[in-house]
Amino acid sequence: MVNSPRVKLLNADYARRLIQSPGPRVVPVDATWYMPNSPKNAKTQFAQEDRIKNSTFFDLDSVCCRTSKYPHMLPPHRLFDKEVGKLGIKPDDLLLVYDRQGIFSAPRAAWTFALYGHHNVYLVDHYPQYKEKYPVETGPIRESSNEAKDESAYNGIDNTEFGKNYREQVIEFDELADLVVSRNLDEYYVFDARSADRFHGKAPEPRKGLSSGHIPGALNLPFTKVLNESGQYKTKEELTELFKNEFGLDWNQPLDRKGVIVMCGTGVTAVILRLAIEKVNSEVPIRVYDGA
11 MVNSPRVKLL
21 NADYARRLIQ
31 SPGPRVVPVD
41 ATWYMPNSPK
51 NAKTQFAQED
61 RIKNSTFFDL
71 DSVCCRTSKY
81 PHMLPPHRLF
91 DKEVGKLGIK
101 PDDLLLVYDR
111 QGIFSAPRAA
121 WTFALYGHHN
131 VYLVDHYPQY
141 KEKYPVETGP
151 IRESSNEAKD
161 ESAYNGIDNT
171 EFGKNYREQV
181 IEFDELADLV
191 VSRNLDEYYV
201 FDARSADRFH
211 GKAPEPRKGL
221 SSGHIPGALN
231 LPFTKVLNES
241 GQYKTKEELT
251 ELFKNEFGLD
261 WNQPLDRKGV
271 IVMCGTGVTA
281 VILRLAIEKV
291 NSEVPIRVYD
301 GA
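Converting from the sequence shown to my numbering requires adding 10 to each position, the first position being numbered 1.
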């Protein structure tokens, strides 16, 4: 059983009710991120286009491990606290995490907040629907208009608790490589969220110098398969049927392996799969490969 904070999914209507509620301070978090081969710039869009009122921008490529040669790897514990503090976020804030693509990069950001011990993390499923139904801020953002940015310090969980969360929810390269080399990877269900062509080595990776293909024993589940035609998460019933039909897996039965590993290109869309599985059964132990 996983006892660390969990990401909660909510639709546009519930997100709106939370924003208008008199309870804890609600901070909308725009976590939009694009693939490196996209011409779009998420930070520029946040500053110049539309956003939920009083949003702050969470940059996956900035709040990361800066000594790693790989993109947006999870940051050291205290660096996360420091960077989140700069955004004006406080540990008791209720976070509404979203991205303008709908469900793409926001799951990774929301899970990151929960991993580092933030309670009350909600994923808006999804922003395009919210924007259709409710007013949003448009045009250039004014610093003074963002109530969340008060430059307060963020003091999250201690190192012991973070270490426990990390070991439960993350798998690093060395451990994964050992499982592959020792041929013990079948102790886990391993799901790769990339497209079928990338998984099978028929299409190039969007980052130069990386080979396509997959690790032996991995199962291909493109993240788009857990979303409906509108780009929102499928229902619990639809997801249950998907895993039964595609992999013969019934998440309502005891798991016959140690747990699940989810992976992708750089650890972003893998979390889409993580939250899909949690929607069906929140007790399944899932680890994200933060290297991919």
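Backbone N, C-alpha and C fix where the C-beta goes; we use that ideal spot for every residue, glycine too.
As the structure is a prediction and not an experimental result, all values here were calculated from the model.
Quick one: is the Cβ of SER240 within less than 8 Å of any heavy atom of the ligand ATP? The model depicted lacks the ligand ATP and carries no ligand whatsoever.
Use the C-beta contact count for GLN263: other C-beta atoms within 10 angstroms, 16 or more gives buried, fewer gives exposed. On the sequence shown, position 253 is the one that residue 263 refers to. Answer is exposed; the Cβ neighbour count stays below 16.
Does the beta-carbon distance from PHE201 to ILE271 come in below 9 Å? As a working note, residue 201 is residue 191 in the sequence shown. As a working note, residue 271 is residue 261 in the sequence shown. Taking 9 Å as the Cβ cut-off, PHE201 and ILE271 qualify as a contacting pair.
Please name the residue in SER205, GLN55, VAL17 whose C-alpha comes closest to that of ALA119. Translated into the one-based positions of the sequence shown, residue 119 becomes position 109. Nearest C-alpha to ALA119: VAL17.
Give the DSSP bridge partners of GLY269, in chain order. Reading the sequence shown from its first residue, position 259 is the one you call residue 269. Paired residues: TYR198.
Taking ARG297 as the reference, which of LYS289, ASN175, PHE257 has the closest Cα? Position 287 of the sequence shown, counting from 1, holds the residue named residue 297. That would be ASN175, whose Cα lies nearest to the Cα of ARG297.
Just checking, does the region 251-261 make contact with the region 271-283 on the three C-beta pairs under 8 Å criterion? no
Can you give me the start and stop residues for the beta strand (DSSP E) that LYS18 sits inside? Numbered from 1 along the sequence shown, position 8 holds the residue referred to as residue 18. It spans 17-20 - the beta strand (DSSP E) in which LYS18 sits, taken as one unbroken run.
Within 10 Å of its beta-carbon, does VAL94 have 16 or more other beta-carbons around it, so buried, or fewer, so exposed? Here residue 94 refers to the residue found at position 84 of the sequence shown. Buried: at least 16 other Cβ atoms inside 10 Å.
Look up PRO38 in the DSSP assignment and give the residues it is bridged to. The residue you call residue 38 lines up with position 28 of the sequence shown. Bridge partners of PRO38: LEU106.
Does the beta-carbon of ARG204 have 16 or more other beta-carbons within 10 angstroms, so that it is buried, or is it exposed? For the purposes of this step, residue 204 is taken as residue 194 along the sequence shown, with counting starting at 1. Label assigned to ARG204: buried.
Keeping to the same chain, check which residues put their C-beta closer than 8 Å to that of ARG26; ignore five residues upstream and five downstream. What you label residue 26 is simply residue 16 of the sequence shown in a count that begins at 1. Hits under 8 Å: TYR140, LYS143, TYR144.
Under 9 Å, do LEU104 and VAL180 count as touching if we go by C-beta distance? What you label residue 104 is simply residue 94 of the sequence shown in a count that begins at 1. What you label residue 180 is simply residue 170 of the sequence shown in a count that begins at 1. No, Cβ-Cβ distance for LEU104 and VAL180 is not below 9 Å.
Does the beta-carbon distance from LYS79 to PRO38 come in below 9 Å? For this step, residue 79 is matched to residue 69 along the sequence shown. For this step, residue 38 is matched to residue 28 along the sequence shown. Not a contact, by the Cβ cut-off of 9 Å.
In angstroms, rounded to a whole number, what distance separates the CA positions of PHE172 and LYS92? For the purposes of this step, residue 172 is taken as the residue at position 162 of the sequence shown. For the purposes of this step, residue 92 is taken as the residue at position 82 of the sequence shown. The alpha-carbon atoms of PHE172 and LYS92 are separated by roughly 15 Å.
How long is the line joining the alpha carbons of PHE68 and LEU231, rounded to whole angstroms? What you label residue 68 is simply residue 58 of the sequence shown in a count that begins at 1. What you label residue 231 is simply residue 221 of the sequence shown in a count that begins at 1. PHE68 and LEU231: Cα-Cα distance of roughly 27 Å.
Following the continuous alpha helix (DSSP H) through ARG88, name the residue where it begins and the one where it ends. Here residue 88 corresponds to residue number 78 of the sequence shown, with the count starting at 1. Looking at the DSSP string, the run of the alpha helix (DSSP H) that includes ARG88 is 87-96.
Less than 9 Å separating the beta-carbons of TYR108 and HIS136? By 1-based counting over the sequence shown, the position of residue 108 is 98. By 1-based counting over the sequence shown, the position of residue 136 is 126. Yes, Cβ-Cβ distance for TYR108 and HIS136 is below 9 Å.
Where GLU293 falls: helix, strand or coil (DSSP): Here residue 293 refers to the residue found at position 283 when the sequence shown is read from its first residue. GLU293 falls in the coil class under three-state DSSP.
Start-to-end residues for the beta strand (DSSP E) that takes in TYR132: As a working note, residue 132 is residue 122 in the sequence shown. TYR132 -> beta strand (DSSP E) spans 131-134.
Buried or exposed: ARG284, going by 16 or more other Cβ atoms within 10 Å of its Cβ? Here the question's residue 284 lines up with position 274 in the sequence shown. Under this definition ARG284 is a buried residue.
If you draw a straight line from the alpha carbon of ALA187 to that of GLU197, how long is it in whole angstroms? The residue given as residue 187 occupies position 177 in the sequence shown. The residue given as residue 197 occupies position 187 in the sequence shown. The straight-line gap from Cα to Cα measures roughly 13 Å.
Helix or strand or just coil, what does DSSP make of ARG61? Taking the sequence shown and counting its residues from 1, the one referred to as residue 61 is at position 51. Strand, per DSSP.
9 Å Cβ cutoff met for HIS129 and PRO15: Position 119 of the sequence shown, counted from the start, is the residue given in the question as residue 129. Position 5 of the sequence shown, counted from the start, is the residue given in the question as residue 15. Against a cut-off of 9 Å, the Cβ pair of PRO15 and HIS129 comes out as a contact.
Within a Cβ cutoff of 8 Å, which residues of the same chain sit near LEU189, ignoring the five residues on either side of it in sequence? Here residue 189 refers to the residue found at position 179 when the sequence shown is read from its first residue. LEU195, GLU197, TYR198.
Sort out for me which residues DSSP pairs GLY112 with in a bridge. Here residue 112 is taken as the residue at index 102 of the sequence shown, counted from 1. Note: GLY112 sits in a beta bridge opposite ASP109.
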